[in-house]
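This report refers to the structure that appears directly beneath it.
Numbering (our numbering), first residue to last: 3 to 300.
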């Protein structure tokens, strides 16, 4: 049973990560994708590093841990964060969130395909539900004169990257805490993205940024890469699987609803129906089965 403090923390986390999707879309109105990611990721990881270090954690990896952190950072940071920001650039932010949060389904599918994990009827239900959701969103994109189905491809790439990264993270062996590993992955990811941004995108002009733009950047640095990460790692050790699943399912819904107020995106019926199918898919792979609940109760 969650305490009142944990419940409020979980609600806050769901709102923070849900609202982050339209906030990213707002930032992209004045800043190119790679510069946005490089700036918010590096600055957010830097202050997170200082905070975690002051708690007395061991921060410096061994030589072997450096290799593993760099390897894990490819799908977990560069894959997810880079593909998803290009997806948000192409799609409505709520629609990008819906596709992006098919990631638990890809975790299960990749685990079955490459790591020998067992598939179940619930997994097959998840695959069908996620497929219907993606088809609904593709249908809308292809039927619109301004549709950008390539955005769906970017977000599917992000979801696959997250799923692969999750499986790799589960199998990695560290003496460092997961929080410290995440901080280093973000720092290294930011250092990789900066040269890419300089090489591929025009230089930004911060003096021309509007107040909403500065607020969106601050949100990315302080909330998405900062406070939300701390809340998540504080909850992760004690969060029941069912509660975690409900939080994940709610994030695309929060993203879609908040996008109406932040960037003026009006969801279509395909978006709402896709959210339902994604929630069914996530519940199928994350919520514990009746047998698992009975076993845990004994």
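We put the CB at the ideal spot given by N, CA and C, even for glycine.
Note that the coordinates shown come from a computational prediction; the quantities given were computed from them, not determined experimentally.
Quick check on DSSP: helix, strand or coil for residue i?
i           : result
residue 268 : coil
residue 68  : helix
residue 224 : helix
residue 63  : coil
Quick check on this structure: which residue in the options has the alpha carbon closest to the alpha carbon of residue i?
i           : options               : result
residue 135 : 290, 271, 289 and 288 : 271
residue 32  : 288, 214 and 258      : 214
residue 116 : 141, 131 and 167      : 167
residue 287 : 47, 44, 126 and 92    : 126
residue 190 : 69, 256, 137 and 27   : 69
residue 313 : 84, 249 and 10        : Outside the modelled stretch of the chain, which goes from 3 to 300, sits residue 313, for which no answer is possible.
residue 195 : 82, 15, 22 and 257    : 82
residue 193 : 216, 79 and 6         : 79
residue 56  : 182, 92 and 20        : 182
residue 266 : 17, 27, 16 and 13     : 27
State buried or exposed for residue i, treating a residue as buried only when at least 16 other CB atoms are found within 10 Å of its CB.
i           : result
residue 152 : exposed
residue 201 : exposed
residue 184 : buried
residue 263 : exposed
residue 276 : buried
So, for residue i: in the same chain, excluding its five sequence neighbours on each side, which residues have a beta-carbon less than 6 Å away from its beta-carbon?
i           : result
residue 208 : none
residue 157 : 89, 98, 101 and 102
residue 147 : For residue 147, the pLDDT reaches just 49, beneath the cut-off of 50, and the residue's location in the model is therefore unreliable, leaving the point undetermined.
residue 46  : 223, 227 and 228
residue 22  : 226
Beta-carbon within less than 8 Å of residue i's beta-carbon, same chain only, minus the 5 sequence neighbours each way: which residues are those?
i           : result
residue 119 : 110 and 113
Kindly list the residues whose CB is nearer than 7 Å to the CB of residue i, restricted to its own chain and excluding five residues on each side of it in sequence; keep chain order.
i           : result
residue 161 : 101, 102, 104, 105 and 108
residue 169 : 109, 112, 113 and 117
Just curious, the alpha helix (DSSP H) that residue i is in, first and last residue?
i           : result
residue 16  : 6-29
residue 163 : 151-173
residue 306 : Outside the displayed span of the chain (3 to 300) sits residue 306, for which this structure offers no information.
Within 8 Å (strictly less), CB to CB, does residue i reach chain C?
i          : result
residue 43 : Absent from the structure: chain C. Only one protein chain is present.
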